[in-house]
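This is how it looks when you write it as structure tokens:
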């Protein structure tokens, strides 16, 4: 049984972080250079952590599987980043930026963590502006804001539709500066394949160079994972193709608890799947719902008709009908489920039957085509590029898609996992978004963790480790971990089955989407828990990984990742089965209010479920960290 | 996805550059790719070809890709002689099969440049770009040292122009499109982005000298004003930034030659 001590500081909410910073241990400047820290990943969290720790004087090694740290998938985030600057003088405050995500997360996040996030949000904007991030500006030269995701204040900072790109390139520029100055040792094209635990502490990793195939051992005084989310367990998602859960799953197998894996976010407005070859789903910004109207035909017989041949009275504007006060602007999870129900009724449009219309005809009547172009032109262009259809002439077809994962490795207030010395940042941890993430807060969390939290909290751990006490990479634990990695590689290459890795990834994705997607039931999850182990057996027996381990071998890389997705998928379904309530992105059909809204069970489930590996083929252990709400009352989210 | 196109399918002959490793000889190999949906992306077509090769026990074609939405800059194929293929302002991952006709012969190569050595098949090593960035593509601002973000207003036209330059995705199409394999557009985009902002002034001269120095050392060629780079750029970054960089470089070189340098040591109690 793992010990889950959240180490939340005592005292008033607003004082916790300040107090904690003054109480935790420090490392003397002359000693910092004696400590080596491994950072895996170079997205917003990883790049900001690596450069900031290097500036503090620690020796940092940064590992990325990409060819360059600038490719990390933070780069694809569109909308913006929230901060409680109150530059608009519209009543925003740290408290409001704390309260909104806490409620949006359906009261399943830690109060203290979310409050800290809101507090440091203001520093993030300062830091990014200083790095030259070209945020949108007003004519007076000051920073511009927009509103986002139902918030009642304007607190989102943005750089056109490419905010993630600009924030990431800012963090990458700092990382590049520290690499150039010799403060960070950068290992690109290097994938972490195991975590090394010595005497119960994380002290190193095993890495495969993806170009040469060389497997190397790296020891350190502490290991930081900033390796992103696991949404590709569904195969089709808005994630990059390379996004994977290998680092967190290998850490899980070495004892780190994986918390709340069933909390997955499904975004309502993505371009639907067009065929079995599909590799990727593309997001259409939520902002389109400001002017677009979502509908499906009333009659299943109409679903393949051209939309303009379906008369007004034969259309069902289902969000306007079901949620008259919020209409098309109801929250992401509610909109996604409503679209799914329409398609389940056989009313889905397009060849696959998995799509609904997002119609701009009324907006064009009201604003003119140029008015609509001014607001959404770039999105209409993207839609046209992918589908060859003009959304000015015919409604867009959209369908929900996996977009983000709120679950991840369990961490305490210091962002340290239950394995001492192992820290987890950004989307890879579970800590800040509860059961549902609000828009424009993912970027905020990644940078908060890297620039402003880990630089303080890692010292508290390192101060307790004697300088120079880091174990040698020649030790038995390193050898055992390396042997395990080599064993897996040779098993993949020698299986010589019939099917490519992608075949199994697609099948896993279909199981996950069908039985553990937007709506889940006891039966569906039990079905998934039978199908996934069977798929694992088939994968082991029948996968074909051509080529050798000594060169670039993308099939081999994917095989390792898909093996981990299979294990994570099973754990996700198990978590979903045991969480007998609906909250945020986790919707159990058995637990809903008569109007179809999520029905939480705070009596039984106001806690974090942190799963602990018990060995191959054994049922993992479900540890529980109670969520104590000291300052906010848990209430029912109501969007009617 | 498009009803009227759904029934149509097309077939092409692929001529793909296959090269087992960095120092190995490469050659074109032909593959037939049939029954393609016009709404498939070019990379999805390669996925299908690769699955077929794997089922036959052959090694699939190695190609670089990741986000598949034109922002990460990983994908890097030259298609029918054009970096990122036939479209304007798109990356390889945003090319769709409807851009080709049934029966077409489609030639696929890696981005070619001496400074981008081939790793395998269609994958090249672009780490030279990282080294250029490490030399000076940054503003030094340690976390915790920043003033309030609104303490330094930036005129909107400057911010907008900086953003135009900052949209560079670091793919290297500019290099592949240039007959001199010049990286001037890539370097100029970063020099322009940071040099246009007030925050970037303190390091402006040092930055341009350092970045251009490493660019030359890495073996990239010079600009001879053909502007193929801008035409191939998936973000359509303007070659005007090259002119701006040349001005900065000239001014910085002159100043470096004549500017007085402080002799002061580092004192302190």
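Protein chains in written order, with our numbering: chain A, 629 to 1268; chain B, 991 to 1259.
Heads up, the beta-carbon is just placed ideally off N, CA and C, and yes, glycines get one too.
Residue from the options with nearest C-alpha to residue i
i, options, result
"residue 1243 of chain A", "A:1129, A:637, A:672 and A:877", "A:877"
"residue 733 of chain A", "A:1044, A:1202, A:839 and A:1064", "A:1064"
"residue 829 of chain A", "A:882, A:1088, A:790 and A:782", "A:882"
"residue 991 of chain A", "A:760, A:1001 and A:833", "A:1001"
"residue 1150 of chain B", "A:1020, A:779, A:1044 and A:772", "A:772"
"residue 1101 of chain A", "A:1145, A:1017, A:845 and A:1224", "A:845"
"residue 1081 of chain A", "A:707, A:716, A:953 and A:746", "A:746"
"residue 1122 of chain B", "A:1179, A:782 and A:696", "A:696"
"residue 1263 of chain A", "A:1211, A:942 and A:1237", "A:1211"
"residue 820 of chain A", "A:717, A:855, A:811 and A:757", "A:855"
"residue 583 of chain A", "A:934, A:1041, A:951 and A:1105", "Here chain A comprises residues numbered 629 to 1268, so residue 583 of chain A is not present and cannot be evaluated."
"residue 1057 of chain B", "B:1044, B:1077 and B:1082", "B:1082"
"residue 1120 of chain A", "A:1109, A:1163 and A:1168", "A:1168"
"residue 1223 of chain B", "B:1073, B:1195, B:1234 and B:1248", "B:1073"
Chain A contact for residue i (CB, 8 angstroms cutoff)
i, result
"residue 1183 of chain B", "yes"
"residue 1117 of chain B", "yes"
"residue 1153 of chain B", "yes"
"residue 1222 of chain B", "no"
"residue 1072 of chain B", "no"
"residue 1047 of chain B", "yes"
"residue 1175 of chain B", "no"
"residue 1124 of chain B", "yes"
Own chain partners of residue i with C-beta closer than 6 angstroms, once the 5 adjacent residues on each side are dropped
i, result
"residue 630 of chain A", "885, 1046, 1240 and 1251"
"residue 814 of chain A", "690 and 807"
"residue 889 of chain A", "1035, 1199, 1200 and 1203"
"residue 692 of chain A", "670 and 816"
"residue 1125 of chain B", "1200, 1201 and 1204"
"residue 763 of chain A", "771, 785 and 787"
"residue 1084 of chain A", "649"
"residue 1008 of chain A", "1019"
Short CB-CB distance (under 8 angstroms) between residue i and chain B
i, result
"residue 808 of chain A", "yes"
"residue 689 of chain A", "no"
"residue 793 of chain A", "yes"
"residue 704 of chain A", "yes"
"residue 797 of chain A", "yes"
"residue 1083 of chain A", "yes"
"residue 839 of chain A", "yes"
"residue 701 of chain A", "yes"
"residue 1079 of chain A", "yes"
"residue 1119 of chain A", "no"
Proximal residues to residue i (C-beta, below 8 angstroms), its chain only, five neighbours per side dropped
i, result
"residue 1126 of chain A", "1170 and 1172"
"residue 1216 of chain B", "1168 and 1169"
Own chain partners of residue i with C-beta closer than 7 angstroms, once the 5 adjacent residues on each side are dropped
i, result
"residue 904 of chain A", "none"
"residue 1057 of chain A", "1036, 1037, 1039 and 1043"
"residue 750 of chain A", "711, 712 and 713"
"residue 1006 of chain A", "789"
"residue 1179 of chain B", "1155, 1158, 1227 and 1231"
"residue 993 of chain B", "For residue 993 of chain B, the predicted structure reports a pLDDT of 38, less than 50, and the residue's modelled location is therefore unreliable. A value from the coordinates is still provided. There are no such residues."
Partner residues on chain E for residue i, Cβ-Cβ distance less than 9 angstroms
i, result
"residue 1034 of chain B", "No chain E appears in this structure, whose protein chains are A and B."
Distance cut-off 7 angstroms: residue i Cβ against heavy atoms of the ligand ATP
i, result
"residue 704 of chain A", "You won't find the ligand ATP in this model; it holds no ligand whatsoever."
Tell me which residues of the segment 766–791 of chain A have at least one Cβ-Cβ distance to chain B shorter than 8 angstroms, keeping chain order. 766, 767, 768, 769, 770, 771, 787, 788 and 790
Pair every Cβ in the segment 1192–1204 of chain B with every Cβ in the segment 1226–1243 of chain B, then say whether three or more of these pairs are closer than 8 angstroms. yes
Which residues, in order along the segment 1170–1203 of chain A, keep a beta-carbon less than 7 angstroms from a beta-carbon of chain B? Those would be 1172, 1174, 1175, 1179, 1180, 1182 and 1183, in chain order.
Of all the residues that make up the segment 735–765 of chain A, which are near chain B by a beta-carbon distance shorter than 9 angstroms? The residues in question are 750, 751, 753, 754, 755, 756, 757, 758, 759, 760, 761, 762, 763, 764 and 765.
Under 8 angstroms: do the segment 652–671 of chain A and the segment 1085–1097 of chain A share three or more Cβ pairs, one atom per stretch? yes
So, does the segment 1072–1080 of chain A touch the segment 952–971 of chain A, judging by three or more C-beta pairs under 8 angstroms? The segment 1072–1080 of chain A is not in contact with the segment 952–971 of chain A.
Using a Cβ-Cβ cut-off of less than 9 angstroms, list which residues of the segment 1125–1140 of chain A approach chain B; keep chain order. 1126, 1127, 1128, 1129, 1130 and 1131
With contact counted as at least three CB pairs below 8 angstroms, one residue from each stretch, are the segment 1060–1069 of chain B and the segment 1090–1103 of chain B in contact? Enough Cβ pairs lie closer than 8 angstroms, so yes.
Assess, as a yes-or-no matter, whether the segment 794–803 of chain A is touched by the segment 673–687 of chain A under the definition of 3 or more beta carbon pairs within less than 8 angstroms. yes
Meets three-Cβ-pair contact criterion under 8 angstroms: the segment 997–1004 of chain B and the segment 1014–1029 of chain B: yes
Contact residues within the segment 999–1028 of chain A, judged by C-beta distance below 9 angstroms to chain B: If the cut-off is 9 angstroms between Cβ atoms, the segment 999–1028 of chain A has 1010, 1013, 1014, 1015, 1016, 1017 and 1025 near chain B.
For the segment 1004–1019 of chain B, which residues have a beta carbon sitting closer than 9 angstroms to at least one beta carbon of chain A? 1010, 1011 and 1012
Compile a chain-ordered list of the residues in the segment 866–892 of chain A whose CB is closer than 9 angstroms to at least one CB of chain B. 866, 867, 868, 869, 870 and 871
Do the segment 726–740 of chain A and the segment 1205–1219 of chain A touch if we need at least three Cβ pairs shorter than 8 angstroms? A contact exists between the segment 726–740 of chain A and the segment 1205–1219 of chain A.
Would the segment 1216–1223 of chain A count as touching the segment 1155–1167 of chain A if we require 3 or more Cβ pairs under 8 angstroms? no
Check distances from the C-beta atoms of the segment 704–721 of chain A to those of chain B and list, in chain order, the residues that come in under 8 angstroms. 704, 713 and 715
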